[in-house]
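Below: one structure, written as structure tokens.
Residue numbers (the working numbering), protein chains in the order written: chain L, 1 to 113; chain R, 1 to 117.
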């Protein structure tokens, strides 16, 4: 079945450091890929998405590129801020328009000043 | 963005009792809502898809008689954990699909932590 494997946390970085959170997936067909973020005390929010190979999703300085050859969707940010501290979830939906989401385990990110 | 609320945010109950969790879409009508369960340090696992006016669709391995889902209106879905036991203790999260968006636009509630003693 479909699955998502993401980098285990927690991850602690200093402010302005470069961030990478790895995510790989297993799916049949052509899944859509997502990164969700959960800030303390809040619900999951869609951070970015990509719906086909080589697409790059971006938002709030975060980027992720849909790599079909390596079945990956790694999250990157060039310079993190304290406000980026949150839990990040990689997810996929097996077919575009299919609403079912398969999530990774989440990666807790803490940025220290 | 759209807002989804859950109530209560946490609940502690005795074994054998039933607990109801509400999920509301506050500023849009949600024809479809989803219920997830999350164990510590694990993924969100989809339990069921709740469709307004029809029976919920449960994922494989989820007991429909144990986890009763009612989606009686376009803004409210409820999950009732019947005869709860300690192994039902978990973090329950709902999401709602905004039909005005694309098929992948889901908005998540903040979650409900259930502890069964």
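For glycine and all other residues, C-beta sits at the position ideal for the given N, C-alpha and C.
This structure is a prediction, so every number in the text was calculated from the model and none was measured.
Is residue i helix, strand or coil by DSSP?
{"i": "residue 62 (chain R)", "result": "coil"}
{"i": "residue 87 (chain R)", "result": "helix"}
{"i": "residue 83 (chain L)", "result": "helix"}
{"i": "residue 50 (chain L)", "result": "strand"}
{"i": "residue 71 (chain R)", "result": "strand"}
{"i": "residue 7 (chain R)", "result": "strand"}
{"i": "residue 36 (chain R)", "result": "strand"}
{"i": "residue 105 (chain L)", "result": "coil"}
Using a Cβ cut-off of 7 angstroms, pull out every chain L residue sitting near residue i, in sequence order please.
{"i": "residue 41 (chain R)", "result": "105"}
{"i": "residue 32 (chain R)", "result": "99"}
Just to confirm the assignment, what range does the beta strand (DSSP E) spanning residue i have?
{"i": "residue 106 (chain R)", "result": "106 to 108"}
{"i": "residue 48 (chain R)", "result": "44 to 51"}
{"i": "residue 18 (chain L)", "result": "Careful: residue 18 (chain L) lies outside any beta strand (DSSP E) and carries neither H nor E."}
{"i": "residue 59 (chain L)", "result": "56 to 59"}
{"i": "residue 36 (chain L)", "result": "32 to 38"}
{"i": "residue 26 (chain L)", "result": "23 to 26"}
In chain L, which residues lie with their C-beta within 8 angstroms of the C-beta of residue i?
{"i": "residue 106 (chain R)", "result": "46, 99 and 101"}
Does residue i get closer than 8 angstroms to chain R when you measure Cβ to Cβ?
{"i": "residue 76 (chain L)", "result": "no"}
Nearest CA to the CA of residue i: which residue from the options?
{"i": "residue 94 (chain L)", "options": "L:48, L:75, L:25 and L:15", "result": "L:25"}
{"i": "residue 90 (chain R)", "options": "R:35, R:31 and R:49", "result": "R:35"}
{"i": "residue 8 (chain R)", "options": "R:94, R:107, R:105 and R:99", "result": "R:94"}
{"i": "residue 22 (chain L)", "options": "L:73, L:80 and L:113", "result": "L:73"}
{"i": "residue 4 (chain R)", "options": "R:11, R:33 and R:15", "result": "R:33"}
{"i": "residue 11 (chain L)", "options": "L:4, L:66 and L:19", "result": "L:19"}
Name, please, each residue of chain R whose Cβ falls closer than 8 angstroms to the Cβ of residue i.
{"i": "residue 168 (chain L)", "result": "In the structure displayed, chain L extends from 1 to 113; residue 168 (chain L) sits before or after that span and is not available."}
I'd like to know if residue i contacts chain L, where contact means its C-beta is closer than 8 angstroms to some C-beta of that chain.
{"i": "residue 78 (chain R)", "result": "no"}
{"i": "residue 11 (chain R)", "result": "no"}
{"i": "residue 4 (chain R)", "result": "yes"}
{"i": "residue 114 (chain R)", "result": "no"}
{"i": "residue 46 (chain R)", "result": "yes"}
Using a C-beta to C-beta distance shorter than 9 angstroms, which residues of chain L count as neighbours of residue i?
{"i": "residue 97 (chain R)", "result": "99"}
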